[in-house]
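Quick note, the sequences are listed as chains A and B, same order. With the working numbering, the residue at position 81 of the first sequence is 75, and numbering never jumps. With the working numbering, the residue at position 72 of the second sequence is 73, and numbering never jumps. Just so it is clear, CB atoms sit at the ideal spot from N, CA and C, and this is done for glycine as well. Working notes for the structure below.
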Amino acid sequence: MSDIILEAKSIRKYFPIKKGFFMREVGQVKAVEEINLAVRRGETLGLVGESGCGKSTLGRTLIRLYEPTSGEIKFDGSDFRNLSGAELRQKRRDIQMIFQDPYASLDTRMTVGQIIEQPFKIHGLLPDKKEREERVKELLQLVGLKASHVNRYPHEFSGGQRQRISIARAVALNPKLIICDEPVSALDVSIQAQVLNLLKDLQERLNLTYIFISHDLSVIEHVCDRIAVMYLGRIVEIATRDELFKNPKHPYTRALMSSIPSIGTGKKKMSKILSGEIPSPINPPKGCAFHPRCPHKIKECSEITPQLRGDSPQHLKACHVNLETNLKEIL
Amino acid sequence: MKPVVQVKDLETTFFLKSGPFRAVNKISYEINKGETLGIVGESGCGKSVTSFSLMRLIERPGKVTGGQFLLNDQNILNLSDRQMEDVRGGKMAMIFQEPMTALNPVLTIGYQMDEQIQKHLKLNKKDARDRAIEMLQLVGIPSAKDRYEAYPHHLSGGMRQRAMIAMALSCNPQFLIADEPTTALDVTIQAQILELFQTLQEKMNMSVQFITHDLGVISEVSDKVMVMYGGHTCETGPTQDILNSPKHPYTGALIQSRPKMGHRVSRLKTIEGSVPAPHELPKGCPFANRCGNVLEQCWNNKPQLQPVNGATNRAVACFNPL
């Protein structure tokens, strides 16, 4: 069994923009551009970036909720991109997803029992009703709910409990990989901590691999082993957690880190804030997509798109400039 | 010098079919000129209802059922609806969380600003337009003249929030309420808006009530803090004192449940359970059923705000503080 569970090569996802009576295609939103990524078994890989950077689209493209425009996806030894029909369904058992909004991702007219039972029905597992009910109750207890909750409806639960229900549904079929798309962003701080701890416990108990998508760097730092920072559809920096936080090399990563408000440092003038906003992915800037906002840009930046590279494979960045490591200056 | 804002024993009740429910329970605080009070708490703690009560925006079945709100010695809660129209948007203004829902989508930014400026500053149309454009420039909106003609959906989230700020500040309010103004924004944009906010506050010397659930944001913008839970005040005091040595178990738990950059722990501390529904709040201290320091008396008696170690600027409502 190989160490890499999911490998993506040159993944692109463009969405067409259609206009007019005949819905002619007038342009493309380049949501994900040339992404190469390998996820190791048992690790948590974080995707971090601001809204519109393509992190959710990438997550969905990797499990083919969106068909990639081009590129290859290998999952657990199979050519996932080219599977279809029964084979695809078979493989999809091993990949599950947890969504951001537990109010929208659960069917309001189904009981919790029916929701968690769905995966078994779809995949034709546990045909015996008794056995299935037993398993559903087990799953509820696994995520910290009560077996007696099985006949209740989603609206009877709080946000944190609903997120537990979607987690129970995601782990029902013993998947190998779970994509968590902002699983705690909609929750209150005290509830966030509960859900993050639950995800961690489940990872240890069930041997899961996570791709964890979030805009919140402090959450990402808490849960992830490796982190990829995205900007306008591309990965701009990828490194192990400790390496990235000790030694951020891309100017965008540094800007992200310094714009996070920190506790207890006192009322202060924000320094080093990034000016401007994320450009439109319909017509991204030439060269490095970050150059219009970058304080360190040089001539090449507006002409040549930088590739991901680095001295060690543990730490890659897509930037023409070599920044000095002076952390005090950044934080 | 007298504080600009004095709130005394504010009480807001919602009269629901299931019975009356007090969303804000005897809240008192003061804000001096140029000072920022941060109100922190999770959803349902009453922080937004407090602000809406001050702006007199509470609608049936809700009602402000007690207390006083003095803005420069004028009791706002006694004003007639007609008099209130002159105050709202003039002397006091509010910025909301979601600028897309707070702005009218079918009117231009300029129209919405002019309306308010003409009313409160008694300017004619042309001067009002100049004032609006000046404000848009002040908040850092590029090509303000074009943006004046734009509709809200033409602007990005960050720009819309800037426009909201321009609108709120256009009539030189003495008191500004900001209700989660950066929660819907990305971090880099949030940093821009917070900085803008601080610069403008200094320039205009306003008193600000800043509401957020994010302790990091509170730490960077506010001078003093009030922590709320279940419609009650848990703790008040200078921001850094509270964040560095919280006294109320709820404040302590809130701080610890947040992952901190650079301080990695294997498990986060959590607050067990979730915020109870209004009719399920314990009889005594509202936090009793989730508290790690709970005592026998907490269940039946409501703790009152008491000074901490005799300090005049710090108080906590707890029988068994940290």
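Minimum Cβ-Cβ distance from residue i to chain B less than 8 Å
i	result
A/Glu328	The shown model of chain A, from -5 to 325, leaves out residue 328 of chain A, and the question about it has no answer.
A/Pro255	yes
A/Ala249	yes
A/Ile92	no
A/Glu215	yes
A/Asn277	no
A/Glu271	yes
A/Asn76	no
A/Ser212	yes
A/Ala180	no
A/His209	yes
Residue-chain proximity (residue i, chain A), Cβ-Cβ < 8 Å
i	result
B/Ile118	no
B/Pro153	no
B/Gln193	yes
B/Cys319	no
B/Ser208	no
B/Arg130	no
B/Glu196	yes
B/His233	no
B/Asp10	no
B/Val228	no
B/Ala254	yes
B/Val295	no
B/Pro260	yes
B/Gly325	Residue 325 of chain B lies beyond the residue range present for chain B, which begins at 2 and ends at 323; the question has no answer from this structure.
B/Lys269	In the sequence as displayed, the identity of residue 269 of chain B is Leu instead of Lys. Yes, contact with chain A.
B/Asp187	yes
B/Ile77	no
B/Glu43	yes
Assigned exposure category for residue i - 16 Cβ within 10 Å defines buried
i	result
B/Glu281	exposed
B/Pro21	exposed
B/Thr102	exposed
A/Ile292	exposed
B/His249	buried
B/Asn26	buried
B/Thr183	buried
A/Thr38	buried
B/Phe16	exposed
A/Ser142	exposed
B/Pro260	buried
B/Met95	buried
B/Glu150	exposed
A/His216	buried
B/Gln84	exposed
A/Leu59	exposed
Bridge-paired residues (DSSP) for residue i
i	result
A/Ile29	A/Ile5
A/Ala222	A/Leu41, A/Ile232
A/Lys22	Sequence inspection shows Gln at residue 22 of chain A; the Lys mentioned does not correspond to that position. DSSP, once it has assigned bridges, lists A/Pro10 as partnering A/Gln22.
A/Cys174	A/Ile92, A/Phe206
B/Tyr30	B/Val8
A/Lys386	The structure shown does not extend to residue 386 of chain A, since chain A is modelled only from -5 through 325, so no value can be given for it.
B/Ala278	Bridge partners of B/Ala278: none, in fact.
B/Ile23	The sequence shown places Arg at residue 23 of chain B, rather than the Ile named in the question. The partner list for B/Arg23 (beta bridge, DSSP) reads B/Thr14.
B/His264	B/Lys261
B/Glu236	B/Val228, B/Val317
B/Leu177	B/Ala94, B/Val209
B/Leu307	Here residue 307 of chain B turns out to be Gln, not Leu, going by the sequence shown. Bridge partners of B/Gln307: B/Val317.
A/Arg34	A/Ile(-2)
>> Using 8 Å as the cut-off, can you tell me whether the region 228 to 245 of chain A makes contact with the region 267 to 281 of chain B, which would need three or more C-beta pairs spanning the two stretches below that distance?
In response: no
> Of all the beta strand (DSSP E) runs that stay within the bounds of the region 180 to 234 of chain B, which reach a length of 3 or more residues?
Replying inline: 208 to 213, 225 to 230
> Which runs of the beta strand (DSSP E) spanning at least 3 residues fall entirely within the region 39 to 75 of chain A, listed in chain order?
Replying inline: 64 to 69
> Would you call the region 107 to 117 of chain A and the region 158 to 176 of chain A touching, i.e. three or more CB-CB distances under 8 Å?
Replying inline: yes
> Any contact of the region 73 to 90 of chain B with the region 35 to 42 of chain B, i.e. 3+ C-beta pairs under 8 Å?
Replying inline: no
> What residue ranges within the region 38 to 125 of chain B form continuous alpha helix (DSSP H) runs of no fewer than 4 residues, ordered along the chain?
Replying inline: 48 to 55, 82 to 88, 100 to 103, 110 to 122
>> Restricting to runs no shorter than 4 residues, where is the alpha helix (DSSP H) found entirely within the region 132 to 186 of chain A?
In response: 153 to 165
> Contact between the region 140 to 155 of chain A and the region 38 to 55 of chain A: three or more CB pairs below 8 Å?
Replying inline: no
> Would the region 13 to 31 of chain A and the region 182 to 199 of chain A be scored as touching if the rule is three or more Cβ pairs under 8 Å?
Replying inline: no
> Do three or more CB pairs link the region -1 to 7 of chain A to the region 61 to 76 of chain A at distances below 8 Å?
Replying inline: yes
> Are the region 164 to 178 of chain B and the region 117 to 124 of chain B in contact at 8 Å, needing three or more beta carbon pairs?
Replying inline: yes
> Within the chosen definition, does the region 117 to 128 of chain A reach the region 179 to 189 of chain A through at least 3 CB pairs nearer than 8 Å?
Replying inline: no
>> Does the structure place the region 226 to 234 of chain A close enough to the region 297 to 314 of chain A that three or more beta carbon pairs sit under 8 Å?
In response: yes
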